[in-house]
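Visitor:
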Amino acid sequence: MEDDDVPPAIDWLGNPVSCRDCPHEENRVSGLCDLGRACVRDLRARRIDRFFSINPGLADSYLDHPFFEVRSIAARYASPFRLLPLLSDVEPDVRAMAAIRLPATRVLALRSDPDRRVRIALARRLAGEDLLPLLGDPDYQVRLSATRSASETLLVGLLDDPEPDIRREAARRVPLTHLPALVADPEPLVRIEVARRLGPKRLHLLAADPDFRVRYAVAERIAFDELPPFLEDEDDAVRELARERTRDGKG
1 MEDDDVPPAI
11 DWLGNPVSCR
21 DCPHEENRVS
31 GLCDLGRACV
41 RDLRARRIDR
51 FFSINPGLAD
61 SYLDHPFFEV
71 RSIAARYASP
81 FRLLPLLSDV
91 EPDVRAMAAI
101 RLPATRVLAL
111 RSDPDRRVRI
121 ALARRLAGED
131 LLPLLGDPDY
141 QVRLSATRSA
151 SETLLVGLLD
161 DPEPDIRREA
171 ARRVPLTHLP
181 ALVADPEPLV
191 RIEVARRLGP
201 KRLHLLAADP
211 DFRVRYAVAE
221 RIAFDELPPF
231 LEDEDDAVRE
241 LARERTRDGK
251 G
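Going by UniProt numbering, the sequence shown opens with residue 1, and the numbers climb by one from there.
1) When the Cα of V214 is compared with those of V194, S88 and L110, which residue comes out closest?
2) With distance defined between alpha-carbon atoms, name the residue in P180, T105 and D113 nearest to A96.
3) At which residues does the alpha helix (DSSP H) containing V29 begin and terminate?
4) Looking at S151 and L126, is the spacing between their C-beta atoms short of 8 Å?
5) Can the beta-carbon of L134 be found less than 8 Å from the beta-carbon of R167?
6) Which two residues bound the contiguous alpha helix (DSSP H) that contains Y140?
7) Alpha carbon to alpha carbon, what distance is there between A217 and I192?
8) Taking L203 as the reference, which of V190, D185, L189 and E226 has the closest Cα?
9) Output needed for D3: all residues of its chain with C-beta closer than 7 Å, excluding positions within five of it in sequence on either side, in chain order.
10) How is D248 classed by DSSP in three states: helix, strand or coil?
11) In the structure shown, what three-state DSSP assignment does D3 receive?
12) If you scan the region 191-247 from start to end, which runs of the alpha helix (DSSP H) of 4 or more residues do you find wholly inside it?
13) At the level of alpha carbons, what is the spacing between R143 and R50?
14) Helix, strand or coil, according to DSSP, for A9 in the structure here?
15) Give the DSSP bridge partners of A38, in chain order.
16) Counting along the chain, where does the alpha helix (DSSP H) carrying P164 start and finish?
Set out below in structure tokens:
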């Protein structure tokens, strides 16, 4: 929705916004703010962000604003040297923004933050051993975000995670020597990822998989001389793929 399509500007308390009592009159005159489009007093986050993107030098003075959205957006533009107090802000969005911008060594304590939004923000920016507590987080979304940031070595510890999406992410990048541990995974989507990466000499481990999607992934890569069983597969798509490879003579 464009700004012209929304009601007149109101502030976070529901009051109409006016330029008459704004402390930034000089900004309006010089074109550094624009009521209804770029205004720090507006309720809408998009307009607040526009204001600070044009006036980043004012962000430091808004880190203690009573409206959390202003504090959070100001933290995106403020000097990092002013952000430490925000790590204990009452609002998770503010803590998360501070955690994203501050050095990793200053935000590790937030790995046990009570709000998962903060822990997810950390999971997306931390690396290496710093991620370990988040890889074992009780919240699925936190673990998934940490999994996407984790190194191949750390992924080995997630092969038995109770969530299929996390095991699937691990299967995409875990060292190849550990892939056979997922051949019997109960989730077909995990086994498909295994079939896409497993060495050709080990693809026979999935050749009789009960899910046709897994067998299809195997038939795409398995050695040419091991294709015959797929020519008689119970699934039409798998049989057709095996026939195409046979006709083309591609091993």
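Don't be surprised by glycine CBs; every beta carbon is placed ideally from N, CA and C.
Guide: Walking through what the data contain:
1) Selected option, being the one with the closest Cα: V194.
2) It is D113 whose Cα lies nearest to the Cα of A96.
3) If you look at V29, you'll find it in the alpha helix (DSSP H) that goes E25 to V29.
4) No, the Cβ-Cβ distance between L126 and S151 is not below 8 Å.
5) No; because the gap between Cβ atoms is not below 8 Å, this pair is not in contact.
6) Counting along the chain, Y140 sits inside the alpha helix (DSSP H) bounded by residues Y140 to S149.
7) Going from the Cα of I192 to the Cα of A217 covers about 6 Å.
8) Among V190, D185, L189 and E226, the Cα nearest to that of L203 belongs to E226.
9) Unreliable placement is indicated for D3, whose pLDDT of 47 sits below 50; the coordinate value is still reported in the next sentence. So the list reads G36 and R37, once near-sequence residues are dropped.
10) In this structure, DSSP gives D248 a helical state, which the three-state scheme calls helix.
11) Any reading at D3 must be qualified, since the residue scores a pLDDT of 47, below 50, and its modelled position is unreliable; no value is offered.
12) Qualifying alpha helix (DSSP H) stretches, in chain order: 212-221 and 228-231.
13) About 33 Å.
14) Looking at A9 - three-state DSSP - the assignment turns out to be coil, as it is neither helix nor strand.
15) A38 is bridged by DSSP to D34.
16) Start and end: P164 to R173.
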